[in-house]
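A.B. asks: The following block contains the structure, expressed as structure tokens.
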Amino acid sequence: MITKYKLYFLTLVVSLLLLGCASKQNFIDKSKSITKETYTYHTFENKNKLQLDFYQSINYKNTKPLILYVHGGGFSGGARDENYIKNYCSKMAKNGFAVASISYRLTMKKLGFGCNTEASLKKEAFIKASEDISYATKYLIDNKKKFNIDTTKIILVGSSAGAEAILNLAYVYENKILAKEFKYAGVIAMAGAITSIEKISTKRAIPTLLFHGTKDKLVPYNVAPHHYCKKNKKGYLQLYGSKAIANKLKELNTSYNLYTIQNGNHSWNSKPMFVYFREMISFIDHQVLQSKYQQKEVVKKISDYTSTDL
Numbered sequence: 001m002i003t004k005y006k007l008y009f010l011t012l013v014v015s016l017l018l019l020g021c022a023s024k025q026n027f028i029d030k031s032k033s034i035t036k037e038t039y040t041y042h043t044f045e046n047k048n049k050l051q052l053d054f055y056q057s058i059n060y061k062n063t064k065p066l067i068l069y070v071h072g073g074g075f076s077g078g079a080r081d082e083n084y085i086k087n088y089c090s091k092m093a094k095n096g097f098a099v100a101s102i103s104y105r106l107t108m109k110k111l112g113f114g115c116n117t118e119a120s121l122k123k124e125a126f127i128k129a130s131e132d133i134s135y136a137t138k139y140l141i142d143n144k145k146k147f148n149i150d151t152t153k154i155i156l157v158g159s160s161a162g163a164e165a166i167l168n169l170a171y172v173y174e175n176k177i178l179a180k181e182f183k184y185a186g187v188i189a190m191a192g193a194i195t196s197i198e199k200i201s202t203k204r205a206i207p208t209l210l211f212h213g214t215k216d217k218l219v220p221y222n223v224a225p226h227h228y229c230k231k232n233k234k235g236y237l238q239l240y241g242s243k244a245i246a247n248k249l250k251e252l253n254t255s256y257n258l259y260t261i262q263n264g265n266h267s268w269n270s271k272p273m274f275v276y277f278r279e280m281i282s283f284i285d286h287q288v289l290q291s292k293y294q295q296k297e298v299v300k301k302i303s304d305y306t307s308t309d310l
């Protein structure tokens, strides 16, 4: 018997084969079936509003897994609708996913995230972003029929500060916005880190896909201070990057993939969205939707990539 998800991925494989014929630059122009609509998902007491862009393909009628994307920008900049993000979200929607790209409070907008900014404010930025992602998730769950999404299959994806926010949400943040029984189905983090690995447990662990360059000077690949600030700086904040998170998940014998780019810099907070798009699809297919166990670590060199790849 063909299950709903087997049928879904049969369609997905065909889509991927067709996708190979289109360049990423022309993708949006060729995706006439993709719709994008903007919604306000939360309004604060001061009337400030947070919005999300919702992408879907009209060719997929069944309930869809949801990709919830969180942009980077040091909690002080960036936007949910930058061109490369729209391209990525459209590409995901073309492959049968519902996609929500969200805005969140940029609490460090006037402060920056450097070594002269109080570490306590940096931690607060992680918390506020996690709150906002939770509000977005609740809005989408509350409107699941309208958006035609499978709320048991919500996958977090984030870049840089967005990766820090989603990892914090999944592994550190104590959520009081979402129902206690709710759990994200998976997380894909590009150049992210968290403030502690102590709360990562077998109970909290979810399938995790990590990408990180070893020469990232902003967000540490393993264990180091954020921005590599000195201990005497008020912005000193110890972080645990992708390697440290992978080590913890390995110790717990839970499912994860780690892609290490030797000598890669912080630009690898977004490059995997296109260089490793198919690997993301495969991860979601096997480890998230089919719940297949895998622990995988891949090490690549910059020389392994061509200018066309990047």
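Heads up, the sequence shown is in full-length UniProt numbering, so the first residue is 1 and it goes up one at a time. Yeah, the Cβ is synthetic: ideal placement off N, Cα and C, and Gly gets one too. Just so we're clear, the structure is a prediction, and the values are computed from it rather than from any experiment.
Look at the Cβ atom of A161, then the Cβ atom of A191, and state whether they are nearer than 7 Å.
C.D. replies: no
A.B. asks: Just curious, the beta strand (DSSP E) that F211 is in, first and last residue?
C.D. replies: Unbroken beta strand (DSSP E) run through F211: T208 to G213.
A.B. asks: Which residue from V298, K248, K250 and L178 puts its Cα closest to that of D132?
C.D. replies: L178
A.B. asks: Going by beta carbon distance, what residues of the same chain come within less than 7 Å of Y171, once the five residues before and after it are set aside?
C.D. replies: I194, K199, I200 and R204
A.B. asks: Measuring straight from C-alpha to C-alpha, what distance separates F97 and V219?
C.D. replies: 29 Å
A.B. asks: DSSP has Q287 in a bridge; who is on the other side?
C.D. replies: Secondary-structure assignment with DSSP links Q287 through no beta bridge to anything.
A.B. asks: Between the region 36–54 and the region 107–121, can you find at least three pairs of beta-carbon atoms closer than 8 Å?
C.D. replies: The answer is no - the region 36–54 does not touch the region 107–121, with fewer than three Cβ pairs under 8 Å.
A.B. asks: To which residues does DSSP link G241 through a beta bridge?
C.D. replies: A193
A.B. asks: Are there 16 or more other CB atoms within 10 angstroms of the CB of L306, so buried, or fewer, so exposed?
C.D. replies: According to the sequence displayed, residue 306 carries Thr and not Leu. Result: exposed.
A.B. asks: Whole angstroms is fine: what's the gap from K217's alpha carbon to N269's?
C.D. replies: 12 Å
A.B. asks: Within 10 angstroms of its Cβ, does S255 collect 16 or more other Cβ (buried), or is it exposed?
C.D. replies: buried
A.B. asks: Alpha carbon to alpha carbon, how far is T137 from N143?
C.D. replies: Taken atom to atom, the span from the alpha-carbon of T137 to that of N143 is near 10 Å.
A.B. asks: For N232 and P225, I'd like the C-alpha separation in whole angstroms.
C.D. replies: 12 Å
A.B. asks: Where in the region 50–106 do unbroken runs of the beta strand (DSSP E), each at least 3 residues long, occur, reported from the N-terminal end onward?
C.D. replies: 64–70 and 98–102
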